[in-house]
Amino acid sequence: MFAIIDIETTGLDPKKDKITEIAIVLHDGLGITEQFSTLIDPQRSIPQHISRITGIHNEMVKGQPRFFEVAKKILDLTRDRIFVAHNVEFDFRFIEEEFKSLGYPYKREKLCTVRLSRKLLPKRYSYSLGKLCESLQIPLLNAHRAAADAYATAQLFSYLMQLKSAHPLYKYQDIHALNTGRVQKIQQYILAKLPERIGVYKFYNRQHELIYIGKSTNLRQRAIQHYNSKEKKTRQMIAEIHNVEFEETGTELIALLLESEEIKRHQPKYNRARRKNAFAYAIDTFFDDKGIRNFKIVPTAEAAFPLRLFHTWISARSVLNEGMDHAGICPKFCGLYEHEGPCFNHQIRKCSGICCGKEEIDRYNQATEVWMNRFGVNNETRVIWGEGRSESEKSFVLVYHGKFSGYGYLNRELEMNNPDDLLQRVVPFDYYPDADDLILAFEKKKENAEIKNSIHHD
């Protein structure tokens, strides 16, 4: 994760001076995992005043490897790691220039322990490595030698990581983001980008990987809620956010449907609640030779006319139980009672006797139809109209033969009510059974609100 580096040089100018020693300490965020150090022949004389500071003189570097001889080792040790140093720009620019002289562009993410210390250890009179180590009782023997300074910086870094993990404000922030102030800058950018409109938003990380999808009737306010949250997983997500994309939908129902479909398709890691898509079972329906409507729980792939789909067999059975207990559905015609004669429910007066010829077929079928509609199994075609994304637009959600078929937008002045015509205008949409449940729940919520409003006005 981290490569903590210190160098000694022939001077202060990375374009003119050269490296005389380098030390690299690998750190996994918890502690040191590996160390490397070597003197380097700069192929030029080391000034005496520099030797007095570092203790490195010309005789010491004579016969030592030149930079190009350790370049591959440096590349390997720092690959896919954040480049950490105390006053990182100094060390990084020297190494960058050395690689540039070899014709290689050296690029790494950087983290400065001076800046990090200012964040986590405020109001110190000095942030030099020596003063910080002295105040924190971190041993620094043989200062101004690369190995000693790199090791002390690694110890300081471990201490800062512990401070960060206990800090109420910074504990869930990415250490690199905290060091650069990136989270605050991105928050400002995202809040400025999102409108106060209904729609769906998508958060991306620095690698442009989709990490979260959400919907809201006010996109900007929802983002503010995320940033103000103290919930652990939300803070972790906030630390990863690098960009946002959004799509206005006009209505909350379309936002619900689009959010659900996008989560199923992309499986973002912070959308655990609605990622599941294993509808393994269905309640299938058919008419037997006598014209009696039958129900049967089958694997989804075997269902010819599925009424509803379910994640588990038990959840499908609970729906049929509701029909048998409260609507007179006969267990025999649900594939749940295989004995001869009247079913057990008839004996306890929950079945009117379709299983023993005591109930007329038309009456039974009508009762099953009523139950199906009451339970939300509705095979009718209907259009749910709503507001558009602008004043000149209207939206529609099309339910075709009881199944969600898509949504779309039309000019408000255009008259188009034929479902078959609207079917040609819908936004392409992968079908998920969740969509039917979302529509039914939305309609029920709207119906209840209208009833409550009517009672209030009466």
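Heads up: the sequence shown at position 105 corresponds to 104 in numbering that gives the first Met the number 0, and the numbers run straight through without jumps. Just so you know, even glycine gets a beta-carbon here, dropped at the ideal spot from N, CA and C.
Query                                                                                                                     : Result
Per DSSP, the bridge partner or partners of A84                                                                           : C111
Nearest neighbour of F278, chosen from R292, I296, D287 [CA to CA]                                                        : I296
Secondary structure of Q136, DSSP reduced to three states                                                                 : coil
Y211, DSSP secondary structure in three states                                                                            : strand
The segment 27 to 35 / the segment 48 to 62 touching (three or more Cβ pairs under 8 Å)                                   : no
Stretch pair the segment 11 to 31 + the segment 144 to 163: three plus CB contacts closer than 8 Å                        : yes
Test item: CB-CB of I353 and Y363 under 8 Å                                                                               : yes
Extent of the continuous beta strand (DSSP E) run through K295                                                            : 292 to 298
Rounded C-alpha distance that separates G387 from L439                                                                    : 21 Å
Distance between beta carbons of R219 and S228, contact taken as under 8 Å                                                : Between R219 and S228 the Cβ distance is about 15 Å, and since that is not below 8 Å, they are no contact.
Buried or exposed (CB count within 10 angstroms, at least 16 for buried), H400                                            : exposed
Exposed unless 16 or more other CB atoms sit within 10 angstroms - verdict on V369                                        : exposed
Host beta strand (DSSP E) of T152 (start-end)                                                                             : That residue, T152, is in no beta strand (DSSP E); its alpha helix (DSSP H) goes 145 to 165.
Where D5 falls, given that 16 or more other Cβ within 10 Å makes a residue buried                                         : buried
Through-space distance from A238 to D287, alpha-carbon basis                                                              : 59 Å
Unbroken alpha helix (DSSP H) run spanning H325, endpoints                                                                : 312 to 325
Cα-Cα separation between F156 and L190, rounded to whole angstroms                                                        : 33 Å
C-alpha distance - P46 paired with P267, whole-angstrom precision                                                         : 57 Å
Own chain, CB closer than 7 Å to L437, minus 5 neighbours either side, in chain order                                     : L255, L256, S259
CB-CB length for M415 against L421, believed under 8 Å                                                                    : 6 Å
Span of the alpha helix (DSSP H), counted from its first residue to its last, around Y226                                 : 218 to 227
Anticipated Cβ contact below 8 Å, R107 with F66, distance rounded                                                         : Their Cβ separation, rounded to whole angstroms, is 17 Å, which puts R107 and F66 out of contact at 8 Å.
Beta-carbon contacts of E58 that lie in its chain and below 7 Å, excluding the five residues immediately before and after : none
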